[in-house]
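For the sequence shown, numbering that gives the first Met the number 0 assigns the number 0 to the initial residue and increments by one for each residue that follows.
Beneath this line is the structure, given in structure tokens, with notes to follow.
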Amino acid sequence: MTPSGDGVGAPQKEETEQRTSNDSRQIQRWRLKHTVANVLRAAMPAGGKTPGVCKCGTAKRCEDGSEAPFVTFYNQDGRPGIRGVFYCDSPWLCPTCAPRCAAKRAESVQRVFDATERKGGQVVFITLTVRHGPEDELKDLKKLVTNACTKVRQGKPWALAVKRHDIQGVLVGPEVTWSMKAGWHFHLHLAVPMIEKDDGVSTAEERAKAAGEWIINRYLAYIQREGGNVQRRYYGEKDEPTALREAQDVQVVWRREDLADYIAKGSGAWEVAAAGATKTRTKNRRIGGMTPWDLAARAGRGDKIAAAKFAEYASVMPGTRSCIITKALADKLGIQPDADGKEGEGEPDDEDNGTIVVGSLETKRWHRVLRMGYAPDVLRAVGHCQPWQEIDGMVRRFLGEKEEEPVKSPETQQMERDFEQIQREPLPSHPVMLPPKFHAPTLGDLINEIEQVAVLQFRGSKGRAVQAVLDAHRAKADAMGAPDDKGRPKGLPCVFPPFAEIWQALAA
């Protein structure tokens, strides 16, 4: 990727299309994150607070407040990863953190469904929205819809409905799209678990759907009561409702198959955090709508309207809670509640099995790579198991660094001097067993030991086995050599093959 001078542009179209077709979805998300960060920086007012996504991927802070000296790259079953960096955990602004957040939200929905199913109940899925036009601001639509939804669940009528239908609680998941014709489309997806029973007159499913219809009618009443200014401004007649019944949706889900079907076709995985990989991408394209990620991508290509709309979205949605299992809901269903749902620092929970450490990069160099937009290229090379020496050379080319001679350790320098001394000495007339001057295990011996230790001690984790084997050889070298005055071995220098060759041999 060749960043433009203003920090918002994109590479040439042909180059971008070729890279996108060859990149994994993970690498594409890193490219989009760079675009998002540039768009938000360009829209940020002077002295404004930098959004967390602009710092996502930078080195973590140590306990004393200083930056970690380096970040580590690893390969896990062909997927690249980074350790020692900050993750913003934003489901609304970060294309790389959002899928992980979406998976947690989907898990919350699944846990609520499973608990309701065990109690013999049903989950009613409801979609709430409002009429909107191109002049409506997102913050106004969000406030109107969320306030009406909140008031539905307050007061004596709601308390009676909870008792009548044995409503356990409510999960709420917001979703946002935008189109040139209709403007912002903000809507809420509600999951309402209830323990309905057949009463001899109607089935449990019919009673559950009736409860959903009651929620929608109550919501429409609050919308019409609170949204008068909006309807008069854009739709003329004072008595014209700002939310149509046909735009709302009720579905009763009482089987696992129905749950999977509803999430696949009805809610976009409950939030925009699915990073454009959900059914809403197809559905919204069909009706002219775009996800926030679509807006960000267009903004990165120079679309000023898309940039302004994404900046508006970024000023409204961060911090919005989605699909949180509250303590009250958890207590009724007998499950564990979620955390508070706030955005903060997180890190992917990658298992150590199958993880191979590829190499490390100094923090200052990594930050330059990140800011210049080359992080996806580095991660792609890590995912392809390229030798670290090649990856480091690629980073040098990206940053315009000169090739430098590697700094030799004191042990290596001493070893070279010993070799030179041996070459200058005349060969003895008869064989003489000279004491070893250094301990240097071969690459083949190291690979065999690492693979054995990984299986026997670390459940197949080669990354941890490498460290254990190298430490064992260092200890062996310390116990070798001629004894000193007190009869203790002086120890020998321990020389290993280049680490890049070790990792390359393990990955083969």
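Virtual Cβ for every residue (Gly too), placed ideally from N, Cα, C.
Reference residue i, options the options, closest by Cα
i: Gly211; options: Pro44, Val151, Glu225, Ser178; result: Val151
i: Ala41; options: Met289, Leu469, Phe309; result: Phe309
i: Pro173; options: Asn146, Lys303, Arg163; result: Asn146
i: Met414; options: Trp292, Val129, Arg458, Cys493; result: Cys493
i: Pro496; options: Ala439, Asp483, Met479; result: Ala439
i: Arg60; options: Thr49, Arg78, Arg82; result: Arg82
i: Ala338; options: Thr34, Lys103, Pro98; result: Lys103
i: Cys87; options: Ala105, Gly51, Gln335; result: Gly51
i: Gln250; options: Gly459, Leu127, Leu378; result: Leu127
i: Trp29; options: Glu205, Val70, Gly80, His472; result: Gly80
i: Ala190; options: Ile166, Glu205, Val200; result: Ile166
i: Gly392; options: Ser178, Leu360, Gln412; result: Leu360
i: Pro94; options: Ala45, Leu143, His33, Lys138; result: His33
i: His164; options: Tyr373, Asp293, Ile214; result: Ile214
i: Ile355; options: Thr149, Ala507, Phe69, Trp502; result: Trp502
i: Asp293; options: Ile26, Val35, Ser23; result: Val35
i: Met316; options: Arg364, Arg224, Leu187; result: Leu187
i: Glu500; options: Lys436, Pro44, Arg416, Glu389; result: Glu389
i: Gln466; options: Lys475, Asp198, Val452; result: Val452
i: Cys322; options: Glu204, Ala101, Gly154, Glu402; result: Ala101
i: Asp470; options: Val84, Gly459, Leu455, Glu448; result: Glu448
i: Phe437; options: Leu369, Lys475, Val200, Gly199; result: Lys475
i: Arg24; options: Arg78, Tyr312, Thr411; result: Arg78
i: Ala507; options: Ala97, Gly443, Val144; result: Gly443
Exposure of residue i, with buried meaning 16 or more beta-carbon neighbours within 10 Å
i: Ser314; result: exposed
i: Lys485; result: exposed
i: Ala158; result: exposed
i: Arg217; result: buried
i: Phe185; result: buried
i: Thr49; result: exposed
i: Asp63; result: exposed
i: Gly235; result: With a pLDDT of 43 at Gly235, under the threshold of 50, the modelled position of this residue cannot be trusted, and the question is left open.
i: Leu92; result: buried
i: Lys12; result: In this prediction, Lys12 scores a pLDDT of 43, lower than 50, which makes its location untrustworthy; no coordinate-derived value is stated.
i: Asp135; result: buried
i: Leu505; result: buried
i: Pro133; result: exposed
i: Asp417; result: exposed
i: Pro409; result: exposed
i: Asp376; result: buried
i: Ile125; result: buried
i: Ser266; result: For Ser266, the predicted model reports a pLDDT of 34, less than 50, meaning its position is unreliable; a value from the coordinates is still stated below. Ser266 is buried by the Cβ-count criterion.
Residues bridged to residue i [DSSP beta-bridge criterion]
i: Pro482; result: Pro488
i: Leu360; result: Val70
i: Gly172; result: His188
i: Thr354; result: Gln75
i: Asp535; result: Residue coverage of the chain in this structure runs from 0 to 507, which leaves residue 535 outside it and unanswerable.
i: Cys493; result: His438
i: Ala58; result: Val84
i: Gly120; result: Answer is none; Gly120 lacks a bridge partner.
i: Trp177; result: Trp183, Met289
i: Met514; result: Since the first and last residues shown for the chain are 0 and 507, residue 514 lies out of range.
i: Met193; result: Gln121, Ile166
Cβ-based neighbour list, residue i, same chain, cut-off 6 Å, excluding 5 preceding and 5 following
i: Asn283; result: Annotation note: pLDDT 44 at Asn283 (below 50); position unreliable, no value reported.
i: Ala306; result: Val38, Ala298
i: Arg206; result: Glu195
i: Ile334; result: Arg110, Ala114
i: Leu332; result: Ala114, Gln167
i: Glu311; result: Leu137
Spatial neighbours of residue i in its chain, beta-carbon cut-off 7 Å, leaving aside the 5 residues before and after
i: Arg336; result: The question names Arg, but residue 336 in the sequence shown is Pro. Ile324, Thr325, Lys326, Ala329.
i: Pro488; result: Ala478, Met479, Gly480, Pro482
i: Arg160; result: It should be pointed out that residue 160 corresponds to Ala in this sequence rather than to Arg. Contacts found: Ile166, Ala210, Trp213.
i: Met193; result: Gly120, Gln121, Val123, His164, Asp165, Ile166, Gln167, Ala207, Ala210
i: Ala295; result: Leu31, Thr34, Val35, Val38, Phe309
i: Glu66; result: Ala58, Arg60, Thr362
Other residues of its chain near residue i: CB distance less than 8 Å, five sequence neighbours each side excluded
i: His131; result: Leu140, Ala181, Gly182, Trp183, His184, Phe185
i: Gly490; result: Ala476, Asp477, Ala478, Met479, Gly480
Would you call the region 74-86 and the region 370-387 in contact, with 3 or more CB pairs under 8 Å?
Enough Cβ pairs lie closer than 8 Å, so yes.
Meets three-Cβ-pair contact criterion under 8 Å: the region 94-114 and the region 396-403:
With a cut-off of 8 Å on Cβ pairs, the region 94-114 is not in contact with the region 396-403, counting fewer than three such pairs.
How about the region 111-126 and the region 48-57: do they share at least three Cβ pairs that are nearer than 8 Å?
Too few Cβ pairs lie closer than 8 Å, so no.
Are there three or more Cβ pairs, one per stretch, closer than 8 Å when the region 319-330 is compared with the region 160-173?
Enough Cβ pairs lie closer than 8 Å, so yes.
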